[in-house]
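Residue numbers (this note's numbering), protein chains in the order written: chain A, 71 to 181; chain B, 71 to 181. Let me begin by presenting the structure, written as structure tokens, before commenting on it.
2 protein chains.
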Amino acid sequence: MKKAKQKRLERAGWKVGGATDFLELSKEEAALVEMKLALADSVRRRRRARKLTQAQLAKRIGSSQSRVAKIEAADPEVSIDLLVRTLLSLGASRTQVAKVIAKRTGSKEAA
Amino acid sequence: MKKAKQKRLERAGWKVGGATDFLELSKEEAALVEMKLALADSVRRRRRARKLTQAQLAKRIGSSQSRVAKIEAADPEVSIDLLVRTLLSLGASRTQVAKVIAKRTGSKEAA
DNA sequence: CGAGCATATATCAAACTCGACATATTCGCT
DNA sequence: AGCGAATATGTCGAGTTTGATATATGCTCG
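Right, dumping it as structure tokens:
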């Protein structure tokens, strides 16, 4: 199910193969995915810091346990909107959300 | 159409009126809206700096002029995903997006 | 081992967002 | 004022995201 990306590209009419455009888009997508990962990670940390179970958090944000699991797994079908909304529900401020978005998820690549 | 918010609340089962919960939620929603406004504003600035029309930008991101207009108007039906993706398409880095999100939109309130 | 609880994965109908198009409205220019 | 380009607003079908539900896996403690 992680082909949502590819599908989106195709639907958007990008010819995967056109060098410049493709590279550009890759960068965007990569940035987007990294942002999601960072947000997901932050949600998990905050939830645990508050000693909440996924089910409890789900109730707080008007959702279900299964979705919280997907949120924390940064499942491709989870939107940034939901990630951010969840983080805000956990008491994060706008500034803190910004910091999370700027933060590097892993830290391995050099090139 | 700006009742999407209200609808979401209702669907989520929030009784608008419950003091604590209501205030909490308001803060979240306010933060979300402010983030959207900041992002929308940044999109417009960047587009203009590049001397692009909405139609041209639309083409670049595989969308239509009307949607770009909605993006810049921070229309409630525009998701954060789209705002961020558009900003990235305009050459913004992840760090820059973060800065935009942290930035205050207006600057009037004191309390 | 077995029970109880937390988390992960799958499915589905309903709600939502998207791009496209048609149609205003506003802006810049002569 | 009159024209044309740019931008705003409304609607719609198609495709995506969501919350609920069911089920599976994993974990701890007796």
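No residue lacks a Cβ here, since even glycine has one placed at the ideal position from N, Cα and C.
Please list, in chain order, the chain B residues whose beta carbon lies closer than 7 Å to that of A:L158. Residues of chain B passing the Cβ test: E98, A101, L102.
Would DSSP call A:D145 helix, strand or coil? A:D145 falls in the coil class under three-state DSSP.
Bounding residues of the alpha helix (DSSP H) (the contiguous stretch that carries A:A128): Where A:A128 is concerned, the enclosing alpha helix (DSSP H) stretches over 124–130.
Express the C-alpha separation of A:D151 and B:Q126 in angstroms, rounding to a whole number. About 26 Å.
Below 7 Å CB to CB, which residues in the same chain sit around B:A144 once its five sequence neighbours on both sides are set aside? For B:A144, where only same-chain residues beyond five positions count, the Cβ hits under 7 Å are K106, L107, A110.
Among B:A168, B:A101, B:R120, which one has its Cα closest to the Cα of B:L160? Ranked by Cα distance from B:L160, the options B:A168, B:A101, B:R120 are led by B:R120.
Reduced DSSP secondary structure (H/G/I, E/B, other) of B:K121: Reduced to three states, the DSSP call for B:K121 is coil.
Given this structure, state the Cα-to-Cα distance separating A:Q166 from A:R117, to the nearest angstrom. Distance from the CA atom of A:Q166 to the CA atom of A:R117, rounded to whole angstroms, is 15 Å.
If you measure from the beta carbon of B:T165 to each beta carbon in chain A, is any gap under 8 Å? Yes, B:T165 lies at the interface with chain A (some Cβ there is under 8 Å from its Cβ).
Going along the stretch 128–149 of chain A in order, which residues come within less than 7 Å of chain B, judged by CB to CB distance? Of all residues in the stretch 128–149 of chain A, those with a C-beta nearer than 7 Å to a C-beta of chain B are G132, S149, reading in chain order.
Report the three-state DSSP secondary structure of A:T156 (helix, strand or coil). It is helical.
Looking only at its chain, what residues have a beta carbon closer than 7 Å to the beta carbon of B:I141, apart from the 5 residues adjacent to it on each side? Within the same chain, B:I141 has close Cβ partners A110, V113, V148, L152, L153, T156.
A:K169 versus B:S133 - alpha carbon distance: Each residue's Cα considered, the two are about 29 Å apart.
Measure from the C-beta of A:V154 to each C-beta in chain B and report whether the shortest distance is under 8 Å. At least one chain B Cβ lies under 8 Å of A:V154.
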